[in-house]
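Below is one structure, written out as structure tokens, with a few remarks after it.
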Amino acid sequence: MAGWKDEVEEIIYPGKICVPYSWTVGSTLSKWYVQLRDDGEIWANRCPSCGKVYVPPKIKCIECYKDMNDWIKLPGTGTVETYTVVHYNEPGLHPKKPPFVYGVIKMDGADTGLVHLIGGVDPDKVKVGMRVQAKMAKERDGHITDIKHFKPIA
Amino acid sequence: MGKRVGIVGVGQTHHASQRLDCSGVELIAEAVTRALDDAEVTLDDIDAIVIGNMDHFENINYVDTWATDGLGSCMKPVFKVTTGGTTGTTVAACAYYHAASGLFDTVMAVGWEKNSESDTQAAIATCANPVLERDPFAGAIGPLATEYSMYMEAYGATEEDSAIVAARDRNNAMNNIYAHNRMHVTVEDVLNSPMLSYPVKFLDMCPRSDGACAVIFASEEKAKKLVPKPAWVHASVVRHDYTHFGDLAWQWMPTLEMATLEAYKIAGITNPLKEFDVAELYLPCSTCGVKWMDSFYFCERGQAPKLIRSGATHMDGIMPINPSGGVIACNPIGATALLRVGEAAWQIMGKSGDRQIPNVKRTLSTGFGGCSWSDVMILGADLP
Amino acid sequence: MERVAVIGVGQTKYSAGKRETFHELVFDVATKALKDAGISVKDIDNVVSVSSDFWDGRTISSMAISDASGAFGKDISTVEGDGTFGVLYGMMRILSGSFGTTMVVAHHKGTESNMNGITNTSFDPLVERKLGLDAVSSAALQARRYMTTSGGSEEQFAMVSVKNHGNAMNNPFAMLPMEITVEDVMASRMLATPLKKLDCSPVTDGAAAVVLAAERNAKKFTTNKKRVWLNGVGHCSDAYRLGDRDLADTRALKQAAKMAFDMAGVTRDDIDVAEVYDAFSYMEPLWLEGLGFCEDGMGPEMTERGTFNMDGALPVNPSGGRLSANPVQVAGLAAFIECVLQIRGEAGKRQVKKAEKALAQGINGMCGQSHCVWILGK
Amino acid sequence: MGLYTDKRKTTTTPDGYELLTHESGPIKYEFNWHMGPFWSKYLAAMRDEGKILGVKCPECGTVYIPPRAVCGQCFVEPNEWVEVGPEGLLKGFTVVRFPYIDPNTGHLMKVPFTAVWITLDGADTRMMHFCNELDEHKMRVGMPMKAVFAKKPRPTSIHAVDRFDIIPGGKVVEELHPPRMEVPIKMELPTRKTAKRKGATAKKATKKKAAAKKK
């Protein structure tokens, strides 16, 4: 029966997985998001052993694996450690139309960076080392998008 | 030749239908912390980590990287293994091979699931071939119901036989503070519970749970240093043959029989009822607690109802099955089979609390899942 | 410790839009690997499959390849991640003494789904995922960070793309053999600064298989020429959140490489050829730093000097690398297989002279969070 | 054991903050699955010719539904196409009464429906499909059934077969339980007396029951 494989119609089946999820935010990030949502504040937590400050807050210090109970309010300002101007279109995924900017913001008062959008600025003007501050969204519902973006400090 | 390996610590979460206080990563951290405590070690003593779950229950790709904060795997060797329902035993086997290979001394196996985050049945439906079998594949219950109705016809087993198993396991769970479903039920309660798919009723079937389990394996020298009484791994065997659900024959469980026989051969088991002191079996449904007794070679074909009714598998029997309450009391899917291994290890280590069987020397643990994927692990108090 | 050897390899040609199902691709490569080893499926006593439920679009997708990988009646398990981790598990199973000959298979059909949508699911649903990050945009963040710390330029990254697509011209398995210039790369469509289309690997379909054997079996089944020994391996994961890491710091890779080199008992100078995980152009110099082939921050300059060209001091990615074909779960395994072919002297026109020790790298997670490093030798 | 706090019933974070969940809404992943030559031919024949085709292994003779590139037992490619069915025997069924989310649509499945497993005449493995009978007491393993093809134009999917119907008056064919191989395992059935573990007292069991009742 040689050759049948070349003759057979090539069928491509359009399939889907379409299922909703309800993710449990948990004790650590719930506190973080409630503070963000209700007070418009960005908090971090600190390792009791090595003193490292994490934002978003950690369940356990990733270096020491110690419980983290010591919370600190951050000023909401930081420095752009790295960034990218996104030019491709992925409408199902992206929060806005390209071009827009993602950055890792080294947060003042913390030892880690926060990944977020950089806005309120011409994408071509974004630079590494730029000072930025968080701009809160007007309507907040306890998600990372409660921070609208980080904008340059004038 | 590889190294001999023992289990030195076990940790599990308090399981529930939903753990609202814990994100997936926090759930993992709870189990990991408890396992470290149980073995009286710190994360620094752990040389490598293996994790497993099923992707589509929580919609997380690369769980091994995502779970870093809870696992404590930052700057440690870690990877993920997954095989559906047997993920727990797959993780255990993988940790065992890590240590047995001589490449790592102390290895932690972690299984977890946050089944409250999605429609479990929908996620299970996606394990069938998406084009040829997904639509009519109605989850695990159909095949289980069918295999038992055929067993009933062939050998005269009854709905009461499986209800006895359901009552046994559910009452055993009363002794397990971690179990998800803890209720005292009678055989009549089971028989009177709503029919899911004839002959399987609500109280025959496993729930879906949020939970995690961590088990620490160590090479012989290390295990002896760490704890007074490690649970030694005597055999770990997996069999899986089938590609499509329609390939499965339901008169018997070929992969379970093959895996069981091979494990018995490796561990030198010739009279399982006498030689095992406890069995922690992955029985997704109480009907399996009847029919599969054949497949584990506890009895001749068709003799399972008599075996169950003899009381040999109850808490005061010669080989209690599922002192923990088993899968029908608690089912965080990616952790379920690892709990079987962990519970068996605790029985050997004498750490099982209210569900402890005295003087346990040898245990049988199994995993079941996927398209008839069967895992068997035998543990012992003495070195293999 | 008993030694483990690779005794057979098989791979498909890597391409886009393959009409075969992944089950069929796996059967193809498993058959090729057995033939290459000169053994039958009966000689295999266990299987490790590598798959991903997300890419395959189904739960427990590895159950669909049991038959195709020759696992009937045998012990089989599944690693989810890169193929190099599958080889690692296969090797452990042999070293444990439980098995003698392991089949490792991996498959990937990237063109059947949306790459960005699926890589987005690697991000925490509670935090970064909602921002819409994916493999390309996160890699772009890493590329910029690396440029900042190393002083590397986009042109220097482009040279990696030029080199690897050029190397692919000599690899019949590669998907994108191309003679291109730095200008071509610089002029290709900007995706996310500083990454342009030709800085990024293509969406690819393909499968690969290797047969591993314990020393006793390796010597029984194959000739000296076919055997390639697994000398060393190491794996290690960094922190998860991109902000927890310095994206230009390769500490996890350094740790993995240290494990592999210590185990193999060789030095960097002993390595004759390397297959490095260049899913994006900038990754090659970055990982070469982490692997210890050049000092931190020197990767881009050494690339420009031609150190890693086919005629350089250390030829890197003679296969064309991931830039020329990137079937995700298979990618590291393809790198591993290229090293086997190089050591055997079967690499055809891309053969590196006197290749006796080779290094292959695989990655799990975004921006190279988790690495697996292999050292293979004659 | 029991050293750890049971936090299952907590409704706030340890310091009193509300516990949140994040709802994804409908997440959709789209795929374009290549069916490959075997499944393509299978689906096309079902759609165009109203035929169900299987493949036969040249070594063991097993006829596979759905057709496939490899016979697992023999590790060879089945090389002969054979038409099977449209009649066959019912090998398993389940009436699904509890709705769950259909991963094709993100919406709840319409219930009840009956899923069936059929060994088509001439095939050795089973086809999974649907049946209109919703009363499980009217169904029995071993019943003959017949595929009913959908009206033309038929879809390019297994729904080219609309359903399976029970053949009225068909004779039930009993499933044989194959004998088991001899194994070196002792399987003595314990009596009630020998089933009890030495030293195990009924006392503990009663105590447990009492404790359970209290709760």
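Protein chains in written order, with my numbering: chain A, 15 to 168; chain B, 124 to 507; chain C, 57 to 434; chain D, 26 to 240.
C-beta: ideal position from N, C-alpha, C; glycine also.
All of these numbers come straight from a predicted model, not from anything done at the bench.
Kindly list the residues whose CB is nearer than 8 Å to the CB of residue i, restricted to its own chain and excluding five residues on each side of it in sequence; keep chain order.
| i | result |
| --- | --- |
| residue 433(C) | 284, 285, 287, 320, 322, 399, 412, 413 and 414 |
Between residue i and chain A, is the shortest Cβ-Cβ distance under 7 Å, so that the two count as touching?
| i | result |
| --- | --- |
| residue 47(D) | yes |
| residue 345(C) | no |
| residue 181(C) | yes |
| residue 186(C) | yes |
| residue 411(B) | no |
| residue 254(B) | yes |
| residue 58(D) | yes |
| residue 497(B) | no |
| residue 124(D) | no |
Between residue i and chain B, is there a C-beta pair that is closer than 7 Å?
| i | result |
| --- | --- |
| residue 333(C) | no |
| residue 423(C) | no |
| residue 166(D) | yes |
| residue 120(C) | yes |
| residue 152(D) | yes |
Assuming residue i contacts residue j under a Cβ cut-off of 8 Å, what Cβ separation, rounded to an integer in Å, is found between them?
| i | j | result |
| --- | --- | --- |
| residue 262(C) | residue 381(C) | 7 Å |
| residue 309(C) | residue 427(C) | 5 Å |
| residue 117(D) | residue 146(D) | 17 Å between Cβ atoms; not a contact. |
| residue 250(B) | residue 133(C) | Residue 250(B) to residue 133(C), Cβ: 17 Å. No contact. |
| residue 206(B) | residue 496(B) | 6 Å |
| residue 235(B) | residue 427(B) | Residue 235(B) to residue 427(B), Cβ: 32 Å. No contact. |
| residue 130(C) | residue 102(C) | 6 Å |
| residue 96(A) | residue 149(C) | That pair is no contact at about 41 Å. |
| residue 45(A) | residue 54(D) | In fact, because the Cβ distance is near 32 Å, the residues do not count as touching under 8 Å. |
If you follow the beta strand (DSSP E) that residue i is in, where does it begin and where does it stop?
| i | result |
| --- | --- |
| residue 203(B) | 201 to 204 |
| residue 163(C) | 157 to 165 |
| residue 267(C) | 261 to 270 |
| residue 373(B) | No beta strand (DSSP E) holds residue 373(B); DSSP gives it neither H nor E. |
Measuring from the CB of residue i, is there a heavy atom of the ligand MN at a distance below 6 Å?
| i | result |
| --- | --- |
| residue 387(B) | The model depicted lacks the ligand MN and carries no ligand whatsoever. |
If you measure from the beta carbon of residue i to each beta carbon in chain D, is any gap under 7 Å?
| i | result |
| --- | --- |
| residue 55(A) | no |
| residue 72(A) | no |
Counting C-beta neighbours from all protein chains within 10 Å, is the total for residue i 16 or more, i.e. buried, or is it exposed?
| i | result |
| --- | --- |
| residue 207(C) | exposed |
| residue 163(A) | buried |
| residue 213(D) | exposed |
| residue 143(A) | exposed |
| residue 4(A) | Only positions 15 to 168 of chain A appear in the structure, and residue 4(A) is not among them; the question remains open. |
| residue 72(D) | buried |
| residue 464(B) | buried |
| residue 82(D) | buried |
| residue 18(A) | exposed |
| residue 154(D) | buried |
| residue 320(B) | buried |
| residue 401(B) | buried |
What are the boundary residues of the alpha helix (DSSP H) that residue i is part of?
| i | result |
| --- | --- |
| residue 105(A) | It is not in any alpha helix (DSSP H) - residue 105(A) carries neither H nor E in the DSSP assignment. |
| residue 33(D) | First-last for residue 33(D): undefined, no H or E at that position. |
| residue 221(C) | 210 to 224 |
| residue 142(C) | 139 to 151 |
| residue 387(B) | 377 to 390 |
| residue 213(B) | 210 to 223 |
| residue 278(B) | 264 to 278 |
So, is the C-beta of residue i closer than 7 Å to a C-beta in chain C?
| i | result |
| --- | --- |
| residue 50(A) | no |
| residue 127(A) | yes |
| residue 67(A) | no |
| residue 100(A) | yes |
| residue 202(B) | yes |
Between residue i and the rest of its own chain, which residues show a CB-CB distance below 7 Å, the 5 nearest in sequence each way excluded?
| i | result |
| --- | --- |
| residue 290(B) | 308, 309, 310 and 313 |
| residue 171(D) | 111, 112, 189, 190 and 192 |
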